[in-house]
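Working notes, beginning with the structure itself.
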Amino acid sequence: MDDDAYQLATIDGDVISIDWVTNNGDTKSIYWVGSFEAPKDSTDSFTWTSARDRKATDTALMASSDDNKKFTYNNGEISYEAGIMGTSTTVRLAKE
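At the far end of the sequence shown sits residue 278, using our numbering, and the numbering has no gaps.
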């Protein structure tokens with residue numbers, strides 16, 4: 183991914199939303215809307231399986247069709263597998 187094509191995640195309560203961002207930030211397309219499970223104890227590393235919100239993603243052309251997606255948080259970075267048009271990659275996101 184480059185400066186003109188990347189993913190942006192937002193966590194709000196128990197929901198994680200991820201958008202594909204292109205066109206110098208002017209265009210956002212839904213990639214994932216699903217559940218977020220924060221750890222009960224303070225930790226530098228944890229994983230969770232997010233259940234996709236079908237209502238929010240079924241009509242989005244760039245959205246993942248996976249029912250569930252595994253996310254890992256490790257030392258300030260969220261990582262997960264993302265794919266489009268037969269190509270997949272590990273995406274790593276850090277808080278700005």
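A virtual CB, placed ideally from N, CA and C, is assigned to each residue, including glycine. Predicted, not measured: the structure shown is a model, and the values here were computed from it.
Given threonine 231 as reference, the closest of Asp240, Thr241, Glu219 once Cα atoms are compared = The shortest C-alpha separation from threonine 231 is found at Glu219.
For lysine 237, which of helix, strand or coil comes out of DSSP?
-> Of the three classes helix, strand and coil, the one that applies to lysine 237 here is helix, per DSSP.
By Cβ distance, which residues of its chain are closer than 6 Å to lysine 312, with the 5 residues on each side in sequence left out?
-> Beyond the ends of the chain as shown, which are 183 and 278, falls residue 312; an answer cannot be given.
Cβ neighbour criterion (16 or more within 10 Å) applied to serine 246 = Buried, since its Cβ has 16 or more Cβ neighbours within 10 Å.
Integer-rounded CB distance, given that aspartate 201 should sit under 8 Å from isoleucine 212 = Taking C-beta atoms under 8 Å as the contact rule, isoleucine 212 and aspartate 201 qualify, at a distance of about 6 Å.
Inter-residue CB distance, aspartate 248 and arginine 234 (contact presumed, cutoff 8 Å) = Yes, they are in contact, since the Cβ atoms of aspartate 248 and arginine 234 sit about 6 Å apart, within 8 Å.
CB-CB under 6 Å to tryptophan 214, same chain, minus the five flanking residues each way: which ones, in chain order?
-> Apart from the 5 residues on each side of it in sequence, tryptophan 214 sits with its Cβ closer than 6 Å to the Cβ of Ile200, Ser246 in its chain, given in chain order.
Inspect the beta-carbon positions of tyrosine 262 and serine 227 and report whether they are closer than 8 Å.
-> Not closer than 8 Å, so no.
Leaving out five residues on either side along the sequence, give the residues of the same chain with a beta carbon under 7 Å from the beta carbon of proline 221.
-> Closer than 7 Å at the Cβ level, and outside the excluded window around proline 221, lie Phe228.
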